[in-house]
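The structure appears right after this line, and notes come after that.
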Amino acid sequence: MSDVKKFLYVNRRAPYGTIYALESLEVVLIGAAFEQDVSLAFLDDGVFQLTKSQDTKGIGVKNFSPTFRALGDYDVTRLFVERESLEERGLTEDDLQEIMYEDEDDDWAEKPSIKVVSRAEMADIMADQDVVLSF
Amino acid sequence: MSTLHTVNKSPFATTALVSCLGHCKDGDAVLMIEDGVYGGLAGSQMAPIVEEMGKKVALYVLTPDLAARGVDASRLLEGIEGVDYSGFVELVTKHDRTQAWL
Amino acid sequence: MKFGVLVSEGPYTHQAVDSAYNFVKAALAAGHEVPRVFFYHDGVNVATRLSVPPQDERNIQENWTALAKEHGVDLVVCIAAAQRRGILDKNEAERQGKDADNLAEGFRISGLGQLIEMGIQTDRLVTFGD
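Chains as they are written, first to last, in our numbering: chain A, 23 to 157; chain B, 11 to 112; chain C, 19 to 148.
Here you go:
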């Protein structure tokens, strides 16, 4: 009997204004040890978490955005970003960090972890999960 | 397979309800709790949106939260059903997963 | 069914903690099991035993402590979130060189793994936050 469940971490809030983005990432990192089927969803203001060039020196808080780039090492390779949320905010995929993982089933080829999906596709992804954690 | 979505914020304060409704699938249910119950008010600016987007899901409000806020059930959109906490529990068991829109 | 509950906001400021409490009571009354409630983000502040709310208001911490005692609900406070917010048990206080501890009865401090485990071992996970 398989103990593997589909876990979706839903991120709808911007970084730094509140702690939810950082603390949700901490759950993802710890949770990776449990070898479940993990996906991350970024929609609404959550898409702002993945933007490039975050420089937090002026506000005196830790810049945690580099941590996203380590997710591949934790076997967390599916970061779904909602297209409509990007567009509503005047963003494109180019505004987002490059986050890669090494696909062990494809000769360790480097592949992008971010997958931009439509709202309808995001709804389907959500409907496919066993456990949804919202932060 | 279906989802119970919970929304706890007023739709006049945040986009949680609208975002939730935009991600529902046929057969899902949306339960408005806490300040989210204001999303069920008829005659508000949000009402047409809730009515339209809510067509494919079952809409519920948590009645203790309605009562706390002095909102009579007669002020709600037609088709919204009131449930108490035991009804909330039943909805959680009935649907395959619960997703909170915070 | 087995329910897991995640509480993501602190007591009194947000209704989330009350909603969670009422939900858990209703679930238990209906004959379901609630093996664990996990407190994260500001939710860890529920676990301080130093809160003194007005006499005519509910005492949130005491309510949860009583729930744990009566029904065996495992109240878990995330260690990382607790450390940030100054919720410490005796061990943690000693480990961190602090001159006091404040964890209320019925709560235990543990890692985020307990949240994932809760998701794996329960039939439904319900989140109360803001």
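For every residue, glycine included, the Cβ atom is placed at its ideal position computed from N, Cα and C.
{"Asked": "Does the separation of the CB atoms of V52 (chain C) and R103 (chain C) fall below 7 Å?", "Found": "no"}
{"Asked": "Taking 7 Å as the cut-off, decide whether the C-beta atoms of A47 (chain C) and F146 (chain C) are in contact.", "Found": "no"}
{"Asked": "Would you verify that the beta carbon of A48 (chain C) is, or is not, closer than 7 Å to some beta carbon of chain B?", "Found": "yes"}
{"Asked": "Any idea which residues DSSP pairs G104 (chain C) with across the strands?", "Found": "Paired residues: none, contrary to the question."}
{"Asked": "Verify the CB distance criterion: does H112 (chain B) have a CB-CB separation below 7 Å to chain A?", "Found": "Residue identity differs from the one stated: residue 112 (chain B) is Leu in this sequence, not His. Closer than 7 Å to some Cβ of chain A, the Cβ of L112 (chain B) qualifies, so yes."}
{"Asked": "Rounding to the nearest angstrom, what Cα-Cα distance links R190 (chain C) and K43 (chain C) in this structure?", "Found": "Since the first residue of chain C shown is 19 and the last is 148, residue 190 (chain C) is not available in this structure."}
{"Asked": "Which of the three DSSP states is assigned to M23 (chain A) in this structure?", "Found": "Low per-residue confidence applies at M23 (chain A): pLDDT is 45, beneath 50, and the placement is therefore not dependable enough to give any value."}
{"Asked": "How should I134 (chain C) be labelled, buried or exposed, when 16 other C-beta atoms within 10 angstroms of its C-beta is the threshold for buried?", "Found": "buried"}
{"Asked": "Here's the rule I'm using: 16 or more other beta-carbon atoms within 10 Å means buried, otherwise exposed. How should P29 (chain C) be labelled?", "Found": "buried"}
{"Asked": "What does DSSP give as the partner residue(s) for S156 (chain A) in the beta ladder?", "Found": "A:V32"}
{"Asked": "Could you name the residues of chain B that S37 (chain C) contacts, counting a contact when the two beta carbons are closer than 7 Å?", "Found": "I43 and E44"}
{"Asked": "Under 7 Å between C-beta atoms, does Y31 (chain A) make it to chain B?", "Found": "no"}
{"Asked": "I'd like the list of long-range same chain contacts for T73 (chain B), defined as Cβ closer than 7 Å, with 5 residues on each side in sequence excluded.", "Found": "G92, V93 and D94"}
{"Asked": "From this set, A:F29, A:I52, A:D67 and A:D25, which residue's C-alpha is nearest A43 (chain A)'s C-alpha?", "Found": "A:D67"}
{"Asked": "Using only alpha-carbon positions, find the residue among A:V154, A:R100, A:F157 and A:Q151 that is nearest to P134 (chain A).", "Found": "A:R100"}
{"Asked": "Given this structure, state the Cα-to-Cα distance separating S96 (chain B) from N40 (chain C), to the nearest angstrom.", "Found": "9 Å"}
{"Asked": "Check this for me: beta carbons of F21 (chain C) and H50 (chain C), under 7 Å apart or not?", "Found": "yes"}
{"Asked": "Does the Cβ of S37 (chain C) have 16 or more other Cβ atoms within 10 Å, making it buried, or fewer, making it exposed?", "Found": "buried"}
{"Asked": "Taking DSSP's pairing of strands, which residues face M22 (chain A) in a bridge?", "Found": "Residue 22 (chain A) cannot be examined here, being either before or after the span of chain A that is shown, 23 to 157."}
{"Asked": "Between the alpha carbons of A52 (chain B) and T114 (chain A), how many angstroms are there, rounded?", "Found": "37 Å"}
{"Asked": "Cα separation between M122 (chain A) and K74 (chain A)?", "Found": "14 Å"}
{"Asked": "Within 8 Å, do at least three Cβ pairs link the stretch 122-132 of chain A to the stretch 111-120 of chain C?", "Found": "no"}
{"Asked": "Between C:G90, C:E80, C:G129 and C:V91, which has its C-alpha nearest A100 (chain C)'s C-alpha?", "Found": "C:G129"}
{"Asked": "Are A23 (chain B) and V17 (chain B) close, meaning C-beta to C-beta below 7 Å?", "Found": "no"}
{"Asked": "Can you name, in chain order, every residue of its own chain whose Cβ lies under 6 Å from the Cβ of V138 (chain A), other than the five neighbours on each side?", "Found": "V103, R105 and E115"}
{"Asked": "Put Q11 (chain A) into one of helix, strand or coil per three-state DSSP.", "Found": "What is shown of chain A runs 23 to 157, which leaves residue 11 (chain A) out entirely."}
{"Asked": "S29 (chain B) versus chain A: which residues are under 8 Å apart at the beta carbon?", "Found": "R34, L65 and D66"}
{"Asked": "Of all the alpha helix (DSSP H) runs that stay within the bounds of the stretch 75-114 of chain A, which reach a length of 4 or more residues?", "Found": "88-92 and 105-110"}
{"Asked": "For Q109 (chain B), which beta-bridge partners are listed by DSSP?", "Found": "B:H15"}
{"Asked": "Report yes if the C-beta distance between V165 (chain A) and V83 (chain A) is below 7 Å; otherwise report no.", "Found": "Nothing can be reported for residue 165 (chain A): it is not among the residues displayed for chain A, which extend from 23 to 157."}
{"Asked": "Leaving out five residues before and five after I138 (chain C) in sequence, what residues of the same chain have Cβ atoms less than 8 Å from its Cβ?", "Found": "none"}
{"Asked": "Rounded to whole angstroms, what's the CA-CA distance from K104 (chain B) to I81 (chain A)? Just pull it up for me.", "Found": "46 Å"}
{"Asked": "For V67 (chain B) versus G49 (chain B), is the C-beta distance shorter than 7 Å?", "Found": "no"}
{"Asked": "So with Cβ pairs under 7 Å, would you call T73 (chain B) a contact of chain C?", "Found": "no"}
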